[in-house]
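Heads up, the sequence shown is in this note's numbering, so the first residue is 966 and it goes up one at a time.
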Amino acid sequence: MSALDSLVDVVGSSACLVEPNDVAPYATDWRGAFNATPVAVVKPASTAEVAEVVRRATDQNLAIVPAGGRTGLCGAAVPQANGPASIVLSMERMNRIRDIDARDFSIVAEAGCVVQNVQQAAADAGRLFPIQWGAQGTAQIGGMLGTNAGGIRTLRWGNARELVLGLEVVLPDGRILDDLRRVRKDNSGYALRHLFIGAEGTLGIITAAALRLMPELKRVETAFIAVPSPDAALSLYGRMMESGADLIGFELCGRYTMELASRHGVDLRMPLPLDSPWFVMAEIAAAHPSVPLRDMMEETLGAAMEAGEVTDAALAESEAQRIGIWKIREDYPECHRLAGPSIATDTCVPVSAVPTFLDKAITETTQRWPEGCISAIGHAGDGNIHFGLQAPEGWDKGRPAWVERTEGFETLVNEIAVSLGGSFSAEHGIGQSKRHAMQAHKDPIALDLMRDIKAALDPNDLMNPGKIFP
Ligand SMILES: Cc1cc2nc3c(=O)[nH]c(=O)nc-3n(C[C@H](O)[C@H](O)[C@H](O)COP(=O)(O)OP(=O)(O)OC[C@H]3O[C@@H](n4cnc5c(N)ncnc54)[C@H](O)[C@@H]3O)c2cc1C
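Written as structure tokens, this is what we have:
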């Protein structure tokens, strides 16, 4: 039996794609920066099928690239160009909610569940699955965990990792690690599940996850706020944290990013005129309807205005307006993409260092690339700023020429973040695009340990090769 026949034997011919047109979408990443065609796209429907596909593929020396919703921004879910022959293992058919227990505040979802569907299932049970970001309608639980995704609510509930109680994982040798428990405490040795979260599919395939739920939010207040500087935004952040309400979102956006969103967004309405250098989108919430959130928001903003930290603010007066404010933030990556070639970082610094980081990054970038347009937007409430350099309007030389022109930009910005005690990869992962940054900035002993773990679990390097490691 050929290698492909052997895989068809497990999943059936309709779930083993080989025709170029069928395979093409899995050969390119979301940004269109990485391209490599797999020999097949295999779509198992159960954990047992995943395990059998892994065994048969590795027997034939085929590398395995796990794929979720393929919204990752680092080229991690496509095969490596000029790498070993690979299959893409798409989890989209494993999309069942296996269990939801409102009293336990937990849900067990298969890896191919779309994140938004898990949010909806939680809402239907009167609970909240709190992670939220722009690609949640396409990204899957497996990809969310593979990248340890963050998003706009990390400041309150943490990254994806902090929402995981247990995992089921198919290991590179086809064994199934069944750690799908929902207990809140378990100190029986190493917390193995954490190895697979943020591993970008290099250590195994997550097939299901037991996830924490929160109480449903009964009241929410959202504001779009003009601030004179990142320093003023930081002071406002402090006030909101102390306001007595739960601060669940605090995004900082430069004027240029808002102008891009305004120009390229579909159905986006700016709640304020874009005449401030910086804007904040902030949201506070409460699980009980009697909490006087509107008063708390108005009081906080009023005090901040008196102190000169806020120059103008618009509060959402309806759920539609609230959704409209977050739509600006969530649609921004697509607007950024439509605006032409750009380079963007995924840096994180301690929250208190955000103003210094921005000040240094803007000054040094402007000096070296005066023609570039600086886009700065990010989850300032957790210190994660996506600092980018967009090609000037009218740039007609294409992306490769802009990448060449801005050589050194990422290194410069990453070095500023690292010098402030920060990270060069906050929430998107490493994939293929940040391997050079791993070489430059990752502690060598940490890298050695990572290599030891990889060699112990995947000695033949067949699990998503060419990712993460420099
Ligand atoms: C518009 C837009 C906005 C975004 N905003 C944010 C944001 O605010 N915060 C944020 O963190 N990210 C953001 N992202 C990035 C992206 O959505 C996340 O990285 C997401 O977690 C990827 O999920 P996915 O299912 O698309 O994974 P994929 O892209 O398919 O895969 C990502 C990685 O996970 C691995 N993987 C996939 N499934 C599995 C599995 N079952 N087991 C093991 N490994 C697996 C893949 O091999 C790959 O390494 C955004 C992306 C877009 C397009």
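Glycine included, each C-beta is placed from N, C-alpha and C at the ideal position. For clarity, every value in this text was computed on a predicted model and none was experimentally measured.
In this structure, the straight-line span from the alpha carbon of residue 1353 to that of residue 1111 is close to 24 angstroms. Taken in chain order, the complete beta strand (DSSP E) segments of 3 residues or longer contained in the region 1206 to 1278 are 1211 to 1219 and 1243 to 1251. Here residue 1315 is exposed. Its C-beta has fewer than 16 other C-beta atoms within 10 Å. In terms of Cα proximity to residue 1320, the closest of 982, 1202 and 966 is 1202. Straight-line spacing of the CA atoms in residue 1205 and residue 1265 works out to 7 angstroms. Taking C-alpha positions only, residue 1405 is separated from residue 1388 by approximately 12 angstroms.
Beta-bridge partners assigned by DSSP to residue 1055: 1032. Shown here for residue 1113: same chain residues with a beta carbon closer than 8 angstroms to its own, the five before and five after excluded, namely 1124, 1125, 1126, 1162, 1163, 1392 and 1394 in chain order. In the structure shown, the three-state DSSP call for residue 1307 is strand. Collapsing the DSSP output to three states places residue 1000 in a strand. Non-local C-beta neighbours of residue 1216 in its own chain, meaning closer than 8 angstroms and more than five positions away in sequence, comprise 1117, 1245, 1246, 1247, 1294, 1342, 1343, 1344, 1345 and 1346, ordered along the chain. In the DSSP secondary-structure assignment, residue 1180 is bridged to 1092.
When secondary structure is reduced to three states using DSSP, residue 1371 falls in the coil class, being assigned neither helix nor strand. DSSP lists 1353 as the bridge partner or partners of residue 1340. Sequence-distant partners of residue 1235 (beyond 5 residues in either direction) whose C-beta falls short of 6 angstroms from its own C-beta, in its chain, are 1227. Relative to ligand 1, the beta carbon of residue 997 is positioned no closer than 7 angstroms to any heavy atom. Out of 1191, 1055 and 1251, the CA that lies nearest to the CA of residue 1170 is found in 1055. Scanning its chain for C-beta atoms nearer than 8 angstroms, with the 5 sequence neighbours on each side dropped, one finds around residue 1149 the residues 1130, in chain order. Among the bridge pairs identified by DSSP, residue 1312 is matched with 1350. Taking all protein chains shown into account, residue 1108 has 16 or more neighbouring C-beta atoms within 10 Å of its C-beta and is therefore buried.
DSSP, read as helix, strand or coil, puts residue 1161 in helix. Judged by their CB atoms, residue 1224 and residue 1239 are nearer to each other than the 8 angstroms cut-off.
Across the set 1364, 1313 and 1428, the C-alpha of 1313 shows the shortest separation from the C-alpha of residue 1382. Linking residue 1208 to residue 1262 through their CA atoms gives a straight-line distance of about 8 angstroms. If you ignore the 5 residues before and after residue 1253, its C-beta comes within less than 7 angstroms of the C-beta of 1183, all in its own chain and listed in chain order. For residue 1063, same chain residues with a beta-carbon under 6 angstroms away, outside a window of 5 residues either side, are 1073 in chain order.
Look at residue 1123 here: in three-state DSSP terms it is coil, with no helix or strand label.
The beta carbon of residue 1365 sits no closer than 7 angstroms to any heavy atom of ligand 1.
At least one heavy atom of ligand 1 lies less than 7 angstroms from the C-beta of residue 1030.
When C-beta atoms of the region 1349 to 1366 are compared with those of the region 1299 to 1310, three or more pairs fall below 8 angstroms, so the two segments count as touching. Secondary structure of residue 1131 (DSSP, three-state): strand. At a threshold of 7 angstroms, residue 1112 counts as near ligand 1, since its beta carbon sits closer than that to one of the ligand's heavy atoms. Setting aside the 5 residues that flank it on each side, residue 1257 has no residue in the same chain whose C-beta is closer than 7 angstroms to its C-beta.
In this structure the region 1176 to 1195 does not lie against the region 1136 to 1143, because fewer than three pairs of beta carbons, one per stretch, are closer than 8 angstroms. Within the region 1390 to 1424, the alpha helix (DSSP H) runs of at least 4 residues that lie entirely inside it are, in chain order, 1400 to 1406 and 1409 to 1422.
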